[in-house]
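Have a look at the structure below before the remarks.
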Amino acid sequence: MASHRSSPDLKPEQPLLPVALDPGLNHAEAMVFRRHLAAWYLRHARELPWRGVSDAYRTWVSEIMLQQTRVAAVIDHYDRFLRLFPTVVALALAPEADVLAAWSGLGYYRRARMLHKAAQFIVETLNGAIPESSAELRKLPGVGEYTSAAIASIAFGESIAVVDGNVERVLLRVTGRPEEATAAGRAFIQRQAAALVPHKARTPGKNAPGDHNQAMMELGATICLPRAPLCLHCPVFDVCRTRGEHLTPPRAKQRSETVAFLLSTRKKAQGVEVLLEQRDHAASLMAGMYELPPLPLDAVEDREPILRLRHSITNTNYYVEIYAAEGTHDRRLRRAVPASKDVLSWQRVARLHELPLTGLARKVLHRIDVLSVGGLNTPRNIHVAAP
DNA sequence: CAGACGTGGTG
DNA sequence: TCACCAAGTCT
Numbered sequence: 025m026a027s028h029r030s031s032p033d034l035k036p037e038q039p040l041l042p043v044a045l046d047p048g049l050n051h052a053e054a055m056v057f058r059r060h061l062a063a064w065y066l067r068h069a070r071e072l073p074w075r076g077v078s079d080a081y082r083t084w085v086s087e088i089m090l091q092q093t094r095v096a097a098v099i100d101h102y103d104r105f106l107r108l109f110p111t112v113v114a115l116a117l118a119p120e121a122d123v124l125a126a127w128s129g130l131g132y133y134r135r136a137r138m139l140h141k142a143a144q145f146i147v148e149t150l151n152g153a154i155p156e157s158s159a160e161l162r163k164l165p166g167v168g169e170y171t172s173a174a175i176a177s178i179a180f181g182e183s184i185a186v187v188d189g190n191v192e193r194v195l196l197r198v199t200g201r202p203e204e205a206t207a208a209g210r211a212f213i214q215r216q217a218a219a220l221v222p223h224k225a226r227t228p229g230k231n232a233p234g235d236h237n238q239a240m241m242e243l244g245a246t247i248c249l250p251r252a253p254l255c256l257h258c259p260v261f262d263v264c265r266t267r268g269e270h271l272t273p274p275r276a277k278q279r280s281e282t283v284a285f286l287l288s289t290r291k292k293a294q295g296v297e298v299l300l301e302q303r304d305h306a307a308s309l310m311a312g313m314y315e316l317p318p319l320p321l322d323a324v325e326d327r328e329p330i331l332r333l334r335h336s337i338t339n340t341n342y343y344v345e346i347y348a349a350e351g352t353h354d355r356r357l358r359r360a361v362p363a364s365k366d367v368l369s370w371q372r373v374a375r376l377h378e379l380p381l382t383g384l385a386r387k388v389l390h391r392i393d394v395l396s397v398g399g400l401n402t403p404r405n406i407h408v409a410a411p
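Basically the numbering used here = 1-based index in the first sequence + 24.
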């Protein structure tokens with residue numbers, strides 16, 4: 025089977041045959057697809073914390089967390105988030121900073137703000153009841169085409185197709201249609217997905233549309249993989265037109281950049297504190313969140329960082345260097361911080377887990393052992409040697 | 001519609 | 001090291 029590949033040299037004189045315009049699955053193929061997929065899902069569905077719950081709030085939270093985010097990362101946050109905010113009302117009443125703190129590390133922080141806003145809307149104007157149709161769900165902030173369909177089908181059994189990256193890839197491979205970022209291309213995928221969704225279940229306890237949608241995504245996530253699909257294990261191999269081929273347009277290139285941050289700590293009677301900088305509330309990126317104070321590169325030219333690590337944000341690879349300033353001596357580094365005083369603050373290490381830290385700050389503090397997983401430990405290896 | 005928005009795993 | 005990219009949404 026061939027692997028996934030890009031096609032910079034794809035020529036326009038492609039069609040070898042005058043193929044029909046809509047190369048979608050016919051009715052018989054669709055029946056086979058749906059049946060084989062359902063049988064496979066029954067046996068191979070992963071057990072995930074948000075599977076088999078009958079609480080639309082939990083389904084909603086899981087779907088927002090899963091947007092562009094790996095299952096493993098969501099597993100790390102889902103249970104704790106729900107312990108902190110077990111109901112829509114609890115979420116609506118919580119301060120935004122607490123919600124962001126619980127979201128720290130998941131990325132796309134706007135999701136947390138919108139989830140919070142939506143919870144307040146639901147409590148204030150809908151009497152705390154989560155909307156039950158995809159059309160109504162779609163009106164909530166942070167809930168788009170995908171998420172409204174996912175919640176409506178999984179939590180309420182609505183017969184509506186979800187189309188995410190997995191579903192799109194599966195359908196492109198099965199039908200053999202090349203990827204095209206056009207209205208026609210999207211319409212084809214949408215039509216194809218809709219043709220496969222079962223009717224709403226009449227039997228209580230059954231949810232054919234919800235199971236089908238999750239099965240489509242599960243197939244994409246575990247078998248119909250982007251780079252090297254496991255076609256020999258695929259339940260719909262029989263009706264697949266490509267069995268692994270999938271042409272995609274080339275992607276944008278990555279940039280690289282080196283950045284430096286200050287790690288400054290001090291001991292107080294109440295415990296150790298670390299100096300943090302709060303990002304501008306109007307910043308486009310991670311507004312209002314806390315991070316280690318950034319240092320200009322020319323201020324650290326002659327020094328050795330106590331830690332180096334890589335951190336990628338969208339299209340940029342950051343090579344991150346952390347420089348330590350200890351207590352009251354070594355003021356030179358401390359003075360090199362360009363930030364104004366009013367955005368700098370000393371924060372108790374024991375309370376760091378209550379703050380909306382950026383993912384990078386959290387990673388650095390954790391790596392350096394200031395923050396443990398629970399955020400409750402006192403620091404040990406502040407002065408670790410350079411790597 | 002293109003670009004912005006985070007992070008961590010993978011090969 | 002580097003490129004790719006994962007259960008998208010908003011502007």
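Ideal Cβ placement from N, Cα and C applies to all residues, glycine included. Treat the numbers as computed from the prediction; the structure is a model and nothing was measured.
I think residue i touches residue j, with their Cβ atoms under 8 Å apart; what is that distance to the nearest whole Å?
i, j, result
"Leu220", "Met313", "That pair is no contact at about 41 Å."
"Arg265", "Thr199", "6 Å"
"Pro165", "Met138", "4 Å"
"Val263", "Glu53", "5 Å"
"Val123", "Ile146", "Actually they are not in contact, since the Cβ atoms of Val123 and Ile146 sit about 15 Å apart, beyond 8 Å."
"Tyr347", "Thr282", "Actually they do not touch by this definition, with Cβ atoms about 13 Å apart."
"Gly229", "Ile178", "Between Ile178 and Gly229 the Cβ distance is about 14 Å, and since that is not below 8 Å, they are no contact."
"Leu72", "Val95", "7 Å"
"Ala136", "Trp127", "4 Å"
"Trp370", "Arg290", "7 Å"
Quick check on residue i: buried or exposed, where buried means 16 or more other Cβ atoms within 10 Å of its Cβ?
i, result
"Asp188", "buried"
"Arg67", "exposed"
"Met55", "exposed"
"Leu357", "buried"
"Leu90", "buried"
"Asn50", "exposed"
"Asp326", "exposed"
"Glu192", "buried"
"Ser364", "exposed"
"Gly168", "exposed"
"Ser288", "buried"
"Leu309", "exposed"
"Tyr133", "buried"
"Arg151", "One point to set straight first is that residue 151 is Asn, not Arg, in the sequence displayed. Exposed, by the Cβ-count rule."
"Gln302", "buried"
"Leu379", "buried"
"Ser158", "buried"
"Ala208", "exposed"
Would you identify the three-state DSSP class for residue i, choosing helix, strand or coil?
i, result
"His335", "strand"
"Arg355", "helix"
"Thr149", "helix"
"Asp393", "coil"
"Leu254", "coil"
"Ser157", "coil"
"Val56", "helix"
"Ala363", "coil"
"Ala348", "strand"
"Glu378", "helix"
"Phe261", "helix"
"Glu169", "helix"
"Lys163", "coil"
"Phe180", "helix"
"Leu130", "coil"
"Arg107", "helix"
"Ala289", "The amino acid occupying residue 289 in the given sequence is Thr; Ala does not appear at that position. Strand."
"Thr282", "strand"
"Leu61", "helix"
"Arg137", "helix"
"Arg372", "strand"
Within its chain, find whatever has a CB closer than 7 Å to the CB of residue i; leave out the 5 residues flanking it on each side and keep chain order.
i, result
"Ala218", "Ala185"
"Pro47", "Thr199, Gly200, Arg201"
"Leu254", "Ile247"
"Ala225", "Gly181, Asn231, Ala232"
"Arg82", "Trp74, Leu106"
"Ala311", "Arg303, Asp304, His305"
CB-CB under 6 Å to residue i, same chain, minus the five flanking residues each way: which ones, in chain order?
i, result
"Ala385", "Glu315, Leu316"
"His60", "Pro259, Val260"
"Ala80", "Ile154, Ala179"
By Cβ distance, which residues of its chain are closer than 8 Å to residue i, with the 5 residues on each side in sequence left out?
i, result
"Ala360", "Leu286, Leu319, Pro320, Ala323, Val324"
"Gly295", "Arg372, Val373, Ala374, Thr402"
"Ala142", "Leu164, Pro165, Gly166, Val167"
"Met240", "Leu61, Val186, Asn190, Val191, Val194, Ala217, Leu220"
"Arg391", "Leu331, Leu333"
Problem set entry | Length at least 4, wholly inside the segment 67-105: the alpha helix (DSSP H) runs in chain order | Every alpha helix (DSSP H) stretch that sits fully inside the segment 67-105 and reaches 4 residues is listed by chain position as 80-90.
Problem set entry | Complete alpha helix (DSSP H) runs within the segment 186-244 (minimum length 4 residues, chain order) | DSSP assignment within the segment 186-244 yields the following whole alpha helix (DSSP H) runs of 4 residues or more, N-terminal first: 189-199, 207-220.
Exercise. Which whole runs of the beta strand (DSSP E) in the segment 295-328 are 3 residues long or more, in chain order?
Worked result: DSSP runs (the beta strand (DSSP E)) wholly in the segment 295-328: 295-302.
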